[in-house]
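Peer 1: One structure is given below, represented as structure tokens, and several questions about it will come after.
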Amino acid sequence: MGTGTLNIDLAALVANWQALNDKSGPGVETAAVVKADAYGLGAGKVARALQQVGVKQFFVAVAEEGAALRQDIGPDPVINVFSGHMAGDSDMLHDLALTPMLNSIEQMTRHFEALPGHRFGVQLDTGMNRLGLEPAEWAAARAIVMAQNPVMLISHLACADMPNHPMNARQLSTFHDMTDGLSVPRSLAATGGIMLGAEYHFELTRPGIGLYGGAPFDEAEPVVRLSLPVVQTRDVAKGETVGYAGGWTADDPSVIATLAAGYADGLIRAMGNQAVLFADDTPCPLVGRVSMDLLTVDITHLTRVPSHLDILCPLQTVDDLAKVAGTIGYEILTSLGPRYQRRYLGQG
Ligand SMILES: *Cc1c(COP(=O)(O)O)cnc(C)c1O
Numbered sequence: 004m005g006t007g008t009l010n011i012d013l014a015a016l017v018a019n020w021q022a023l024n025d026k027s028g029p030g031v032e033t034a035a036v037v038k039a040d041a042y043g044l045g046a047g048k049v050a051r052a053l054q055q056v057g058v059k060q061f062f063v064a065v066a067e068e069g070a071a072l073r074q075d076i077g078p079d080p081v082i083n084v085f086s087g088h089m090a091g092d093s094d095m096l097h098d099l100a101l102t103p104m105l106n107s108i109e110q111m112t113r114h115f116e117a118l119p120g121h122r123f124g125v126q127l128d129t130g131m132n133r134l135g136l137e138p139a140e141w142a143a144a145r146a147i148v149m150a151q152n153p154v155m156l157i158s159h160l161a162c163a164d165m166p167n168h169p170m171n172a173r174q175l176s177t178f179h180d181m182t183d184g185l186s187v188p189r190s191l192a193a194t195g196g197i198m199l200g201a202e203y204h205f206e207l208t209r210p211g212i213g214l215y216g217g218a219p220f221d222e223a224e225p226v227v228r229l230s231l232p233v234v235q236t237r238d239v240a241k242g243e244t245v246g247y248a249g250g251w252t253a254d255d256p257s258v259i260a261t262l263a264a265g266y267a268d269g270l271i272r273a274m275g276n277q278a279v280l281f282a283d284d285t286p287c288p289l290v291g292r293v294s295m296d297l298l299t300v301d302i303t304h305l306t307r308v309p310s311h312l313d314i315l316c317p318l319q320t321v322d323d324l325a326k327v328a329g330t331i332g333y334e335i336l337t338s339l340g341p342r343y344q345r346r347y348l349g350q351g
């Protein structure tokens, strides 16, 4: 087979959700964020696996994602939409029973006019300055909005992956100021917020990255293994170069394996000459530049040519690979391209 294989361990994913659910504490509901096709791993498969262990609420970024997810998981689970009620969304929100998190007075006007009585939540801006109503807007609109019975009030932390950052406590305090005394379920914590402790949890937590094995949930079980097939190998003499721009020079006679994946598959070009791949447990350095469809790897020290090498595995997590690519685990996951064969293990 000419393409890489992305193995997705649904049992590990479920274990991560259960661990985050335990951390969220008794009486707190734990939802699951499956936006961007469940961070590139397949929203339908991921959501169905989580549904089987009792997840009742999912979050997506846009209504289109919610519409697709509804086909996969049936009518019962709640599907919440972070970007709210955009122009042109009304039919989709109605027909597929999606719950928009309304972000502005404009969205509220649109929602109450187009879909009176339809479920909605409200997103509040407690300091991130990205989505949601600002404190002054909320103060002005609050009585009218509360009369329409929102199902949830949410906000999002900007610095939750830095536990000592003063922004966390500031946002928590602002969220209290904006919502205390309103008898509506509240949600502030994503993965990082769950780690910050019980005062950040309110009635509902909504982890994403931690489910998929990423920081800041350090105890996460790895969910993905990415195996890339060896297309061919060659002997390279001392002094010869490998790849575009002669990006790597052999200091000694070397054996170079060419693998079938490149930056078009989400293997970010900045990791050239820095990442390693694994033949079982043996690290093999990536040499030269990452091409669109190919990688070149030094396997001189191996005793036999493997059929494939792993670039993501328990020995090199999405966060490890992100570090050498100068990015974050979220971007590594969501960049994983459509050419890989996705294989689901464990459940689902
Ligand atoms: C993406 C997102 C989440 C999930 O965040 P993670 O860091 O992946 O756990 C939660 N809430 C909002 C508003 C988001 O945009």
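Sequence positions in the sequence shown follow this note's numbering and run 4 to 351. The beta carbon of each residue, even a glycine, is placed where N, CA and C say it ideally should be. Please read these numbers as outputs of a predicted model, since none were measured by experiment.
1) Are there 16 or more other CB atoms within 10 angstroms of the CB of arginine 189, so buried, or fewer, so exposed?
2) Please name the residue or residues paired with serine 230 in a DSSP beta bridge.
3) Could you check if valine 63 belongs to the surroundings of ligand 1, using beta carbon to heavy atom distance under 7 Å?
4) Can you say whether proline 256 is buried or exposed, counting buried as having 16 or more other CB atoms within 10 angstroms of its CB?
5) Do you know how far the Cα of leucine 44 is from the Cα of threonine 261?
6) Tell me which same chain residues have a C-beta within less than 7 Å of the C-beta of cysteine 316, skipping the five on either side of it?
7) Roughly how many angstroms separate the alpha carbons of aspartate 183 and arginine 145, rounded to a whole number?
8) Helix, strand or coil: how does DSSP classify histidine 278 here?
9) Using a threshold of 7 Å, is the CB atom of phenylalanine 85 nearer than that to any non-hydrogen atom of ligand 3?
10) Short check: CB of leucine 231 to CB of leucine 339, under 8 Å?
11) Would you mind giving the Cβ-Cβ distance between threonine 102 and isoleucine 82, rounded to the nearest angstrom? I have them listed as a contact below 8 Å.
12) Is any heavy atom of ligand 1 found at a distance shorter than 7 Å from the C-beta of valine 321?
13) Which of the three DSSP states is assigned to glycine 124 in this structure?
14) Quick check on the DSSP output: the alpha helix (DSSP H) that includes serine 27 runs from which residue to which?
Peer 2: Quick look at the numbers:
1) buried
2) Thr8, Asp313
3) no
4) exposed
5) 26 Å
6) Arg228, Phe281
7) 12 Å
8) This sequence places alanine at residue 278; histidine is not what is there. Here alanine 278 sits in coil by DSSP.
9) For ligand 3, the structure offers nothing, since it holds only ligand 1.
10) no
11) 7 Å
12) no
13) strand
14) 13–27
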